[in-house]
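Note that UniProt numbering gives residue 52 to position 52 of the sequence shown, counting from 1, and the numbers run on in steps of one.
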Amino acid sequence: MSQATFDDDELFGEAAAETREDVEQHLSAASGALPTADDIWQTDADNVLGVLNGLKSALAVGEAPEHLRQAKKWYTLGERADAFEDAEDLEADIAAVEELLETIETAHNDVSELTGTVPQLRSSLQDAHDDANDDSTDGADE
1 MSQATFDDDE
11 LFGEAAAETR
21 EDVEQHLSAA
31 SGALPTADDI
41 WQTDADNVLG
51 VLNGLKSALA
61 VGEAPEHLRQ
71 AKKWYTLGER
81 ADAFEDAEDL
91 EADIAAVEEL
101 LETIETAHND
111 VSELTGTVPQ
121 LRSSLQDAHD
131 DANDDSTDGA
141 DE
């Protein structure tokens, strides 16, 4: 029976390839968890609040932050171990997903704020118009 022998360089090369594959898989999963362009663009809502609520839901990022974290973790490990021959593409992909995720989260926060503000504004405007109508009808009675 022959026993296979592995030298350290071969094992390190395998580990480096697996690490790169892990980074790529997590980046792909992070990108896949992000909403699509159509998700945030199209709506079936009847009013502004419906549009905002739909947009808020569409801007949910699911597991994207966790996949990005895992990609960054494996990338950092590979970089520190000097395991990657060419890692600029991974670094650029991580930065692009991270930037997109930050933009989506900012938009989600903005929409969430509007979702709370618009109903209050509507109510205030209705009250102001009702008061103005009451004042004008009061003057007509005199």
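Backbone N, C-alpha and C fix where the C-beta goes; we use that ideal spot for every residue, glycine too.
Quantities reported herein were computed from a predicted structural model and do not represent experimental measurements.
Exercise. Which two residues bound the contiguous alpha helix (DSSP H) that contains Leu34?
Worked result: It is not in any alpha helix (DSSP H) - Leu34 carries neither H nor E in the DSSP assignment.
Exercise. Nearest CA to the CA of Pro65: which residue from Gly13, Ala95 and Ala15?
Worked result: Ala95
Problem set entry | Buried/exposed call for Ser123, threshold 16 Cβ in 10 Å | exposed
Problem set entry | Host alpha helix (DSSP H) of Ala87 (start-end) | Run containing Ala87: none; DSSP gives neither H nor E here.
For this session: Verify the CB distance criterion: does Gly32 have a CB-CB separation below 8 angstroms to chain D?
Result: Absent here is chain D; the protein component of the structure consists of one chain.
Exercise. Would you call the CB atoms of Asp93 and Leu27 closer than 8 angstroms?
Worked result: yes
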